[in-house]
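Take any residue in the sequence shown, note its place counting from 1, add 8, and you have its number in my numbering.
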Amino acid sequence: MKILLVQPTTLDRNGGPNKWKRPFLPNYTLPYLSALTPRGVEVEIADEKVDSIDFGGGYDLVGISALTSQAVRAYGIADRFREAGIPVVMGGIHVTALPEEAARHCDAVVMGEAENVWVQVLEDAARGRLKGVYRANGFHDMKDLPAPRFDLLKRKDFISPFLPILATKGCPHDCDFCSVSRFFGKSYRFRPLEDVIREITASGAKRFTFVDDNITANRNYSKELFKAMIPLGVQWLGQCTINLGRDPALCRLAAESGCCFMSIGIESVDEDNLASIDKSWNRVKEFPELLSNIRKSGIGLALNMIVGLDNDDRGIFRKTLRFLMDNRAFTLILNTPIPYPGTRLAQRLDTEGRLLHTNWSGYTQGSILYTPRRISAGELEAGYWSLLDDFFSYPSIARRALGQSCRNLPYYFKRNLDLHMSVKRRVY
């Protein structure tokens with residue numbers, strides 16, 4: 009049997025597929041699914057950001073994993089393969105949230121994690137007996153996971169030299185905008201330490217990105233993982249909450265194990281906003297001390313912020329910029345609220361009649377998808393880009409460099425100068 013695994017791209021303003029000259033990170037999902045595929049099944053991967061899809065490749069089955077912003081393109085790809093008589097199976101967070109929508113475009117949907125059902129899907133496809141729905145029975149225990157088949161990707165086409173790796177899944181928190189808790193619940197699971205270290209060592213790579221939603225949620229596990237990584241001499245990036253700053257020993261171990269920067273969800277510098285998104289455990293008055301603890305250990309701060317929350321007025325953009333500069337942010341991931349299907353945010357905005365549309369292709373970073381409460385949509389869009397212009401300006405890059413560790417400066421300048429040019433082209 010010959011199968012094709014597809015990660016669609018998003019659509020441009022003219023309805024055509026977006027192509028990236030060099031995306032930031034390689035795809036993780038498709039190489040992982042490839043590794044779960046039994047021997048004897050021929051697998052090809054198409055990450056449409058860089059690859060073209062061969063609609064005449066003679067496949068026996070096509071598997072598509074899509075984010076919400078990729079869903080419309082995913083459905084178009086699925087429809088085309090099915091018109092040629094090729095069965096299609098779809099999965100991922102968007103499909104799990106809206107299985108009936110996805111089922112109109114495919115022969116089978118996978119709801120939840122694929123680990124426990126993927127082999128059954130392939131066996132049924134080989135017999136020509138695909139079920140309409142495959143529902144994962146609970147969560148995988150994450151033991152003995154195979155190493156992703158990155159050899160099937162065109163890795164040279166990506167900007168980041170950091171190879172994706174997974175140690176944990178889930179997050180114990182439950183922010184109202186987050187689709188992770190919708191997909192995984194509040195479960196938090198982790199791989200055996202020896203499995204993670206074995207995968208790092210076997211890859212031969214020296215730079216990694218942990219694609220975990222919250223790499224430090226279990227501090228004891230994280231400390232043991234980082235201790236085991238120290239002798240490997242690697243560099244890595246990750247994502248966690250500001251709670252990392254409450255544990256100086258954990259900060260030190262993360263830095264010693266090679267952490268260059270952490271992506272941290274601050275979200276807002278307004279207490280009422282944080283309460284409204286069920287993130288009141290993020291306390292504004294604690295931010296400076298906790299962020300300082302992390303930065304002093306040598307870890308750069310990639311801060312995630314959201315503008316356009318219900319308590320934001322026109323002053324939020326200056327207030328946010330001042331906060332970012334005062335805390336010497338390594339970089340900025342700036343968002344407007346995105347009401348992903350199935351989240352409490354989407355349900356609330358829909359109930360209040362504030363959702364503007366459900367054209368999934370428009371559910372991208374920085375899009376205005378609802379009616380703001382205290383500013384207009386136009387003011388939000390203008391303020392969003394003005395904040396990015398100021399943050400990634402040359403004077404800002406120079407000033408923030410003074411707060412970075414020397415070992416991180418080469419990557420700091422490369423990342424910020426790349427984003428300076430992207431923001432100028434309005435393609436952030």
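Glycine included, each C-beta is placed from N, C-alpha and C at the ideal position.
Worksheet entry | Spatial neighbours of residue 243 in its chain, beta-carbon cut-off 6 Å, leaving aside the 5 residues before and after | Closer than 6 Å at Cβ, skipping near neighbours: 215, 266, 268.
Worksheet entry | Own chain, CB closer than 6 Å to residue 437, minus 5 neighbours either side, in chain order | With the chain running from 9 to 436 in the structure shown, residue 437 is simply not present.
Fill in: Burial state of residue 228 (16 or more Cβ within 10 Å)
Classification for residue 228: exposed.
Item to complete: Compare the beta carbon distance of residue 77 and residue 372 with 7 Å and say whether it is the shorter of the two.
Response: Their beta carbons are under 7 Å apart, which means residue 77 touches residue 372 by this criterion.
Worksheet item: Alpha carbon to alpha carbon, what distance is there between residue 19 and residue 435?
Response: Approximately 13 Å between the Cα atoms of the pair.
Item to complete: Since I believe residue 274 is in contact with residue 290 (beta carbons under 8 Å), could you give me their beta-carbon distance rounded to a whole number of angstroms?
Response: 7 Å
Item to complete: Taking all protein chains shown into account, decide if residue 235 is buried (16 or more other Cβ within 10 angstroms of its Cβ) or exposed.
Response: exposed
Discussion item. What would DSSP say about residue 249, mapped onto helix, strand or coil?
Written reply: In the three-state DSSP reduction, residue 249 falls in the coil class, being neither helix nor strand.
Item to complete: Identify the continuous alpha helix (DSSP H) that holds residue 83 and give its terminal residues.
Response: 79-91 is the span of the alpha helix (DSSP H), which, as asked, contains residue 83.
Discussion item. As a quick exercise: from 49, 122, 93, pick the residue whose alpha carbon is nearest that of residue 103.
Written reply: Just measuring C-alpha positions, the residue of 49, 122, 93 sitting nearest residue 103 is 122.
Practice prompt. Give the straight-line distance between the Cα atoms of residue 286 and residue 184, rounded to the nearest whole angstrom.
Written response: 6 Å
Discussion item. Check for me: the beta strand (DSSP E) holding residue 196 runs from which residue to which?
Written reply: 196-198
Worksheet entry | Bridge-paired residues (DSSP) for residue 269 | 245, 308
Worksheet item: From which residue to which residue does the beta strand (DSSP E) around residue 55 run?
Response: 50-55
Practice prompt. Go ahead and pull the three-state DSSP assignment for residue 381.
Written response: coil
Worksheet entry | Chain-order list of residues whose beta-carbon lies under 6 Å from that of residue 385 (same chain, five-residue window excluded) | 376
Practice prompt. Decide yes or no for the touch test of the segment 139-146 against the segment 113-121: beta carbon pairs closer than 8 Å, at least 3 of them.
Written response: yes
Worksheet item: Between the segment 357-370 and the segment 327-337, do at least 3 Cβ pairs fall closer than 8 Å?
Response: The count of Cβ pairs closer than 8 Å, one atom from the segment 357-370 and one from the segment 327-337, stays below three, leaving the stretches out of contact.
Worksheet item: Of the residues 139, 100, 160, 23, which one's Cα is nearest the Cα of residue 80?
Response: 23
Discussion item. In the DSSP assignment, the beta strand (DSSP E) including residue 176 goes from what residue to what residue?
Written reply: 176-178
Practice prompt. Please determine, among 241, 419, 17, the residue with the shortest C-alpha to C-alpha distance to residue 261.
Written response: 241
Discussion item. So, for residue 86: in the same chain, excluding its five sequence neighbours on each side, which residues have a beta-carbon less than 8 Å away from its beta-carbon?
Written reply: 70, 72, 96, 98, 113, 114
Worksheet item: Between residue 207 and residue 41, what straight-line distance do the alpha-carbon atoms span, to the nearest angstrom?
Response: 16 Å
Discussion item. Within a Cβ cutoff of 6 Å, which residues of the same chain sit near residue 38, ignoring the five residues on either side of it in sequence?
Written reply: 13, 15, 53
Worksheet item: Of the residues 209, 426, 347, 213, which one's Cα is nearest the Cα of residue 379?
Response: 347
Worksheet entry | Boundaries of the beta strand (DSSP E) in which residue 69 is found, first to last residue | Residue range 69-73 is occupied by the beta strand (DSSP E) that includes residue 69.
Worksheet item: Taking the Cβ atom as the reference point for each residue, do residue 340 and residue 399 lie within a distance shorter than 7 Å?
Response: Yes.
Item to complete: Spell out the partners DSSP gives residue 206 in its beta bridges.
Response: BP columns for residue 206 are empty, so no partner.
Practice prompt. Would you decide whether residue 412 is buried or exposed? Buried here means 16 or more other CB atoms lie within 10 Å of its CB.
Written response: buried
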